[in-house]
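A.B. asks: One structure is given below, represented as structure tokens, and several questions about it will come after.
In our numbering, the protein residues as written are 2 to 220.
This is the structure in structure tokens:
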């Protein structure tokens, strides 16, 4: 099978990312032959090798789409400081793409960047939007913040120290609190509640007595 025919078959699968096994089945090739076909397509710039066994049919693939393929069969979404940055809540660009998942915590290197995958408890997983144009699964502002606070007390303490966070207009305190109560009562939940309260507390105006602070308006 020539390169043009192989590429047409792969595009006909309707997938932006394929595995070597997908190609083996789609083209009716042995594993080694499928790998060689994929390598030839990649060398010609018609495919992009992401990592071992994973290939992008779309050579201009948005890296933020990748998490669901890296964590399959477990679901995932972009969260933590990556989502905080994309939601305009922090100004510092993360060096890696942070991902929340039901898969095991690990770091994955790819040709499109490094992904830091963190496992959440099933009861705490969720709270993301699927962006209409890209199909990227991105944590909501509330969940991006809560996910970050959730891992603060973890053994790795990866998010123990946060950059300056700007709470956007329309941040829904009720939604945030709904996620807090999903955390089992204990030290982690207490830590999340305390840190969230500090972040959502309005800044004290100069000369204003502490007891006269205005409470934030709930939306």
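Backbone N, C-alpha and C fix where the C-beta goes; we use that ideal spot for every residue, glycine too.
Identify the continuous alpha helix (DSSP H) that holds residue 176 and give its terminal residues.
C.D. replies: Residue mapping note: residue 176 aligns to position 175 of the chain shown, counting from 1. Residues 174-181.
A.B. asks: Tell whether a beta-carbon distance below 7 angstroms holds between residue 1 and residue 75.
C.D. replies: The requested residue 1 is not part of the displayed model; the chain covers only 2 to 220.
A.B. asks: So, with DSSP's three-state summary, where would you put residue 110?
C.D. replies: For the purposes of this step, residue 110 is taken as residue 109 along the chain shown, with counting starting at 1. It is a strand residue.
A.B. asks: Is residue 125 helix, strand or coil when you go by DSSP?
C.D. replies: Here residue 125 corresponds to residue number 124 of the chain shown, with the count starting at 1. Residue 125: helix per DSSP, three-state reduction.
A.B. asks: Smallest Cα separation from residue 73: which of 196, 101, 7, 173?
C.D. replies: Position 72 of the chain shown, counted from the start, is the residue given in the question as residue 73. Taking only the C-alpha atoms, the option nearest residue 73 is 101.
A.B. asks: Should residue 79 and residue 85 be called a contact, given that it needs their Cβ atoms to be closer than 7 angstroms?
C.D. replies: Against the chain shown, residue 79 aligns to sequence position 78. Against the chain shown, residue 85 aligns to sequence position 84. If you check the CB distance, residue 79 and residue 85 do not come in under 7 angstroms.
A.B. asks: Please report how far the alpha carbon of residue 142 lies from the alpha carbon of residue 66, in whole angstroms.
C.D. replies: Here residue 142 refers to the residue found at position 141 of the chain shown. Here residue 66 refers to the residue found at position 65 of the chain shown. Their Cα atoms are separated by approximately 18 angstroms.
A.B. asks: Mapping the DSSP letters down to three states, classify residue 20 as helix, strand or coil.
C.D. replies: In the chain shown, residue 20 corresponds to position 19, counting from 1. Strand.
A.B. asks: Using a Cβ-Cβ cut-off of 6 angstroms (strictly less than) and excluding sequence neighbours within five positions of residue 164, which residues of its own chain qualify?
C.D. replies: Numbered from 1 along the chain shown, position 163 holds the residue referred to as residue 164. Around residue 164: 91, 93.
A.B. asks: Leaving out five residues on either side along the sequence, give the residues of the same chain with a beta carbon under 7 angstroms from the beta carbon of residue 8.
C.D. replies: One-based indexing of the chain shown puts residue 8 at position 7. Closer than 7 angstroms at the Cβ level, and outside the excluded window around residue 8, lie 42, 47.
A.B. asks: Return the chain-ordered list of same chain residues with a C-beta closer than 6 angstroms to the C-beta of residue 117, the five sequence neighbours on each side being excluded.
C.D. replies: Stepping through the chain shown from its first residue, residue 117 is reached at position 116. If you ignore the 5 residues before and after residue 117, its C-beta comes within less than 6 angstroms of the C-beta of 97, 99, 108, all in its own chain and listed in chain order.
A.B. asks: Whose C-alpha, out of 113, 197, 110, 183, is nearest the C-alpha of residue 150?
C.D. replies: Residue 150 sits at position 149 when you count from the first residue of the chain shown. Of the listed residues, the one whose Cα sits closest to residue 150 is 197.
A.B. asks: Where does residue 144 land, buried or exposed, given buried means 16+ other C-beta within 10 angstroms?
C.D. replies: Residue mapping note: residue 144 aligns to position 143 of the chain shown, counting from 1. Per the 10 Å Cβ criterion, buried.
A.B. asks: In the DSSP output, which residue or residues are listed as bridge partners for residue 116?
C.D. replies: By 1-based counting over the chain shown, the position of residue 116 is 115. Paired residue(s): 98, 109.
A.B. asks: Determine which residues share a DSSP beta bridge with residue 87 and list them.
C.D. replies: The count along the chain shown starts at 1 and reaches residue 87 at position 86. None, per the DSSP bridge assignment.
A.B. asks: Under the three-state reduction of DSSP, which class applies to residue 36: helix, strand or coil?
C.D. replies: What you label residue 36 is simply residue 35 of the chain shown in a count that begins at 1. In the structure shown, residue 36 adopts helical secondary structure according to DSSP, grouped into three states.
A.B. asks: If you measure between the beta carbons of residue 194 and residue 182, is that distance less than 7 angstroms?
C.D. replies: Along the chain shown, read from residue 1 onward, the residue named residue 194 stands at position 193. Along the chain shown, read from residue 1 onward, the residue named residue 182 stands at position 181. It is not a contact, given that the beta carbons lie outside the stated cut-off.
A.B. asks: Could you give the C-beta distance for residue 201 and residue 175, rounded to a whole number, given that I count them as a contact under 8 angstroms?
C.D. replies: Position 200 of the chain shown, counted from the start, is the residue given in the question as residue 201. Position 174 of the chain shown, counted from the start, is the residue given in the question as residue 175. Actually they do not touch by this definition, with Cβ atoms about 12 angstroms apart.
A.B. asks: Just to confirm the assignment, what range does the beta strand (DSSP E) spanning residue 79 have?
C.D. replies: Mapped onto the chain shown, residue 79 falls at position 78. Start and end: 77-79.
A.B. asks: Thinking just about the alpha-carbon of each residue, which of 26, 146, 60 is nearest to the one in residue 45?
C.D. replies: Numbered from 1 along the chain shown, position 44 holds the residue referred to as residue 45. Residue 45 has its Cα closest to that of 60, out of 26, 146, 60.
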